[in-house]
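What follows is one structure encoded as structure tokens, with my remarks underneath.
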Amino acid sequence: MVDWSETYRGSVAPWECDITEHFTIAYYFDRLEQASTEIATVLGLSTRLKGGVFPRLFNLRFIRELRAGAGFHIESAAIGIDPALRLGHRFVDSATGEPVTWIAEVWEKTPLSGSEHNAVNSRLGLWEGPEPQSRPEPASTVGSIATARGRIRPADLDEFERLSLTAVVHRFTDGVLQAMAAVGITADYVKNERRGFSTFELILRISSLPGVGDPYVVETGIAQLGSSSVRFLHRMIDPADGKEFARLSQFGVQLDLDARRPAPLAEPIRAAAARLLLSSA
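Numbering-wise, this note's numbering comes out as the position in the sequence shown, counting from 1, plus 66.
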């Protein structure tokens, strides 16, 4: 479609794949950051990306996995403007032309000027992906466990000198692996039982971000638990005062790594996971 622009083209390197043997979620965000900056430039909004942090919401829906060696490209467009700017991105398998991931990005609390509004409104693209889901937030995060901790390093910054989305999501990846181990899905279990965790939906909200040298803690709980599915809720916070920097809702299934299909959670693992369930909203 004419209002969609190609904003990235590349491939999946073997070292960018995770224990589940597919493209790890942080590297999706590495490419997404580039695509988001490119479409902002196309729309005349690149200056908005400079300076301080602005709140953003990302809703990702994975249709099919990308594995090592896959070539793909990203197409992006503005898909809405009221009450906030919404950008759409789709990861496309370059070999087949099939969209494999859809992302809706919302620039929250970032009003556009009249001229910016008119310019973007004149070239809106048609969104043909799944409608972003609105998941209930837990009434409390009491019961979450610490799953990542550290300090922000200079290498974690993006081209605008702020913590990159990629670095944020790498911390949440640490969180899911620690949470999995806490309920019995250890590295040995994955290797011996040929089981992993495959994400089909992510909802990332950026509220603010720590700077270089600042400490952070990631806390993780479980918002929903099914027979094979788990929705983890990760929060990156300031350990001094509990201020939330970002949160990630990560919905996925235990995956049979050979059949590449969902597999039921073993009862001892499901019982352990139930102890991390957060209070319903």
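Virtual Cβ for every residue (Gly too), placed ideally from N, Cα, C. Treat the numbers as computed from the prediction; the structure is a model and nothing was measured.
Would the beta-carbon of residue i fall within 8 Å of that of residue j?
i	j	result
S77	A170	no
L229	L223	yes
R97	I140	yes
L275	V119	yes
L243	I288	no
L151	T176	yes
A247	L291	no
S160	A101	no
A332	L321	no
L178	I105	no
E285	I335	no
S345	S206	yes
L132	V172	no
V234	A312	yes
A214	G241	yes
T239	T90	yes
V278	I218	yes
Pull up the DSSP beta-bridge partners for residue i, would you.
i	result
W168	R127, R156
A144	L153
S265	It is worth fixing the name first, because residue 265 is Thr in this sequence and not Ser. Answer is G318, bridged to T265.
R260	Its beta-bridge partners do not exist; DSSP assigns none.
P281	R217
L291	V296
F138	G76, D159
R271	L123, R313
T286	I211, H300
S360	Outside the shown range of the chain (67 to 347) lies residue 360, about which nothing can therefore be said.
W173	R122, L151
Could you work out which residue in the options is closest to residue i when comparing CA atoms only?
i	options	result
T265	Y255, L299, S274	L299
V283	L275, P305, T107, G262	P305
R122	A289, R271, A106	R271
G110	V186, F138, H155, D148	V186
V319	F311, G262, S160	G262
P196	A92, R156, K257	R156
K309	A144, E259, D280	D280
D352	L126, G146, E164	Because the chain in this structure spans residues 67 to 347, residue 352 falls outside the shown range and cannot be described.
Q199	T107, A221, G180, R127	R127
I85	S346, A338, S345, D324	D324
A245	K116, R297, G180, A79	R297
A134	C83, E182, K116	C83
H183	A144, W193, R219	A144
V108	R201, S71, T162	S71
Within 10 angstroms of its Cβ, does residue i collect 16 or more other Cβ (buried), or is it exposed?
i	result
R327	exposed
Q316	buried
V256	buried
W81	exposed
A237	Looking at the sequence shown, residue 237 is not Ala but Arg. Result: buried.
N125	buried
L314	buried
G216	exposed
R75	exposed
A221	exposed
A79	exposed
G180	exposed
R260	exposed
G191	buried
P149	exposed
For the ligand NAP, any of its heavy atoms closer than 7 Å to the Cβ of residue i?
i	result
L153	With respect to small molecules bound, the structure shown includes none, and the ligand NAP cannot be examined in it.
Continuous beta strand (DSSP E) assignments of at least 3 residues falling wholly in the stretch 189-242: Counting only runs of 3 or more, we get 211-217.
Residue ranges of each beta strand (DSSP E) run of no fewer than 3 residues wholly in the stretch 296-344, ordered along the chain? Taking 3 residues as the shortest admissible run, the stretch 296-344 contains the following complete beta strand (DSSP E) segments, listed from N- to C-terminal end: 310-322.
Would you list, in sequence order, the uninterrupted alpha helix (DSSP H) runs of no fewer than 4 residues that lie entirely inside the stretch 90-116? You should have 91-108.
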